[in-house]
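Q:
In structure tokens form, the structure reads like this:
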């Protein structure tokens, strides 16, 4: 038996089943919403029986929580990778907003679930995801505040400016679809410029 043969590897088999369920849940929640989706819908799309869902997740809500938790962690990682902590604020903001916009275009299906189903979570899970959202906001707010402190940005309200920038980026997932008139890279460039204009600065 080689490492590539996973049929007799319970751990690999379980991980594969979980991944299929998460992928199926993403598509179903994005298309029909959390409340319009049944576990039978998810299981069928994953090629599994409805009972098999509960082997890996105790509830449909737990599936949603896993998607939203992991999605916000990936967003934070993406923002950290895009940031240029030692660079000037305009370059930092352009880089992070470019990555943020591109991510929400490329991952528009999952991003619709991650960003628009908070009310469907249990109270305990909503607390965890809300904390991650505040961390996303804080990451971008730090850049805006740094730009204001450096005299590079000109905005009367850093908090509202940050919320506006994030809202614009998140909303890409609502309207973007593969094959529309604009590509993810073009969206990234456009939103980087838009973000700089929002803080009263053009990218030179």
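In the numbering used here, the protein residues as written are 528 to 731.
Every residue, glycine too, gets a C-beta built ideally from N, C-alpha and C.
#1: Locate the alpha helix (DSSP H) running through residue 561, then write down its first and last residues.
#2: Let me know if residue 699 comes out buried or exposed under the rule of 16 or more other beta-carbons within 10 Å of its beta-carbon.
#3: Where do the ends of the alpha helix (DSSP H) carrying residue 581 lie?
#4: Look up residue 546 in the DSSP assignment and say whether it is helix, strand or coil.
#5: Smallest Cα separation from residue 635: which of 545, 554, 727?
#6: Enumerate in chain order the residues of its own chain whose CB-to-CB distance from residue 649 is below 8 Å, with the five nearest sequence positions on each side excluded.
#7: Touching or not, the region 640-656 and the region 705-720, by the rule of three or more beta carbon pairs under 8 Å?
#8: Over what stretch of residues does the alpha helix (DSSP H) that includes residue 724 continue unbroken?
#9: For the 8 Å Cβ check, are there 3 or more pairs between the region 560-572 and the region 624-632?
#10: Around the Cβ of residue 687, are there at least 16 other Cβ atoms within 10 angstroms (buried) or fewer (exposed)?
#11: Count the other C-beta atoms from every protein chain shown that fall within 10 angstroms of the C-beta of residue 583, then say buried if there are 16 or more, exposed otherwise.
#12: Please confirm whether residue 630 and residue 605 have their CB atoms less than 8 Å apart.
#13: Please classify residue 648: does DSSP put it in a helix, a strand, or coil?
#14: In the DSSP assignment, find the alpha helix (DSSP H) that holds residue 640 and state where it starts and stops.
#15: Name the two residues that bound the continuous alpha helix (DSSP H) containing residue 603.
#16: Is the beta carbon of residue 671 sitting closer than 8 Å to the one on residue 689?
#17: Do you know how far the Cα of residue 579 is from the Cα of residue 543?
#18: Since residue 701 and residue 601 are thought to touch, with beta carbons under 8 Å apart, how far apart are those beta carbons, to the nearest angstrom?
A: Taking the coordinates as given:
#1: Element bounds for residue 561: n/a, residue is neither H nor E.
#2: Residue 699 is buried by the Cβ-count criterion.
#3: Note, residue 581: alpha helix (DSSP H), 577-583.
#4: Per DSSP, reduced to three states, the secondary structure at residue 546 is helical.
#5: Nearest in C-alpha terms to residue 635, of all of 545, 554, 727, is 554.
#6: Excluding residues within five positions, the ones whose Cβ falls inside 8 Å are 588, 592.
#7: The answer is no - the region 705-720 does not touch the region 640-656, with fewer than three Cβ pairs under 8 Å.
#8: Residue 724 -> alpha helix (DSSP H) spans 711-725.
#9: Look at the beta carbons and you see the region 560-572 not touching the region 624-632: under three pairs across the two are nearer than 8 Å.
#10: Residue 687 should be labelled exposed.
#11: Burial is judged here by how many other beta carbons sit within 10 angstroms of a residue's own beta carbon; residue 583 has at least 16 and is buried.
#12: In contact: residue 630 and residue 605 (Cβ atoms closer than 8 Å).
#13: Per DSSP, reduced to three states, the secondary structure at residue 648 is coil, with no helix or strand assignment.
#14: If you look at residue 640, you'll find it in the alpha helix (DSSP H) that goes 635-643.
#15: Taken as a continuous stretch (DSSP letters only), the alpha helix (DSSP H) holding residue 603 covers 587-609.
#16: Contact check for residue 671 against residue 689 passes: the beta carbons are separated by less than 8 Å.
#17: Distance between the alpha carbons of residue 543 and residue 579 is about 13 Å.
#18: Their Cβ separation, rounded to whole angstroms, is 18 Å, which puts residue 701 and residue 601 out of contact at 8 Å.
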